[in-house]
Every structure is written in structure tokens, then in C-alpha cells.
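For reference, the structure discussed in these notes is given below.
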């Protein structure tokens with residue numbers, strides 16, 4: 406399988422996601438040094454998976470975090486973007502929050518939003534590979550690593566999955582242990598199980 410970002414990983418260009426549910430969204434890849442400093446607009450909403458927080462970077466949605474407590478979600482956002490100054494701007498997310506809530510309820514449906522992801526070239530490769538896994542299917546961490554030609558670096562691939570800041574949109578929940586059991590998920594194994602079951606039952 407060819408991965409078009411391999412030869413251009415350091416160019417950090419906009420690339421279109423390959424799988425169906427991401428086909429109308431753009432991912433703007435940025436180096437780690439491009440993480441936000443200064444104001445970072447965010448807003449919280451309610452979804453079938455509980456509360457969520459969305460943050461908007463200069464090039465697109467840069468974080469989608471899941472939880473129950475907005476204060477805890479804000480702490481998580483600050484952990485990811487320590488140099489940023491989060492600012493609650495719900496008016497800026499009037500159109501975005503309903504789209505995200507609908508997508509969290511039905512992750513197999515299209516999402517028409519621009520996305521932004523700051524990370525290393527390895528993380529970018531892994532996030533792109535995650536987004537090529539169709540809804541209703543799963544991969545093991547070993548399979549994901551093999552697909553990237555990194556069969557001896559399963560732990561590094563798993564760490565890149567864990568570094569994902571765009572819950573569900575970049576579907577790290579579709580990766581399981583080799584025995585198909587649900588491993589740790591940043592936003593809770595119960596949410597991961599719920600997401601996978603919903604996707605299995607999708608029309």
C-alpha cells in the first residue's frame with residue numbers, strides 16, 4: 406500500500422484523508438514547533454459520548470476532546486497546548502458544534518471541517534494511516550505498524566496513536582491489541598467500546 410505523505414512528510418502540506426467519512430475534510434500537517442502560542446478559541450458541547458471540547462487553530466480544528474467535566478477538558482487542552490491562552494468563544498462554534506456532535510454520534514458519516522495536527526513526521530504517518538481504516542473495521546497495533554513498514558516499532562506507533570488530539574475524527578479507537586481486546590484509550594475504554602459497537606452496527 407502506498408502512502409503519499411512518506412516522500413513529503415517534512416513539507417507539512419494539506420492532504421485529503423483517504424477513507425469515506427473523512428473525504429470532505431482537510432488535514433493541515435504542522436511540525437511540533439508550530440503548536441499554538443497566544444489565544445486559542447474553544448467551545449464545549451454535548452454529544453452521545455458525553456461532553457466534548459473543540460478548539461480551533463489557525464488552519465482548522467486542532468483538538469476534539471471527550472469527557473464529562475468541562476473543567477477537566479480545559480485542563481487537558483492546556484496540557485496539549487501549554488503556550489496557548491484558551492479563550493471560550495461559543496459564538497465562533499455555532500456551526501461547528503452541531504457538526505461535531507452529529508459525527509460523534511455517527512462516526513461513519515462525512516465531516517466537512519478543516520483539521521490541523523501538529524506533530525512529528527512519524528505521528529503524521531500514523532494519523533494518516535488511522536484515517537484510512539474504514540468505520541466498522543479494526544486493526545491491531547502490530548498490523549498498523551506493519552502497514553507503515555515499521556514492524557519492529559509497534560510501541561512507537563502505539564505512542565503516536567495515543568498522541569492524537571482529534572478524538573474520533575482521527576479514529577485511533579479503531580486500533581486494538583493483537584488479541585482484539587480493548588486497550589487503554591485516552592478518553593476511556595468504555596467510550597472506545599461504545600464507538601466500535603456503533604460502527605459495527607452502522608447501516
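In the working numbering, the protein residues as written are 406 to 608.
All residues carry an ideal CB built from backbone N, CA and C; glycine is no exception.
Of the residues 588, 540, 520, the one whose Cα lies closest to the Cα of residue 466 is 520. Residue pairing by DSSP places residue 449 opposite 458 in a beta bridge.
Around the beta carbon of residue 557, fewer than 16 other beta carbons lie within 10 angstroms, which makes this residue exposed.
One thing to note: residue 450 has its Cβ no nearer than 8 Å to the Cβ of residue 473. Annotation for residue 473: no beta strand (DSSP E) segment contains it, and DSSP assigns it neither H nor E.
Apart from sequence neighbours up to five positions away, the residues of its chain that approach residue 488 with a beta-carbon distance below 6 Å are 442, ordered along the chain. Around residue 570, the same chain offers 467, 468, 469, 470, 485, 522 as residues with beta carbons nearer than 8 Å, after the five sequence neighbours per side are excluded. Look at residue 519 here: in three-state DSSP terms it is strand. Residue 598: member of the alpha helix (DSSP H) spanning 594-605, first to last residue. Taking every protein chain shown into account, the CB of residue 602 has fewer than 16 other CB atoms within 10 angstroms, so this residue is exposed. Taking the Cα of residue 461 as reference, the smallest distance to any Cα among 452, 505, 477, 587 is reached at 505. Per the coordinates, the alpha-carbon of residue 475 lies some 8 Å from the alpha-carbon of residue 457.
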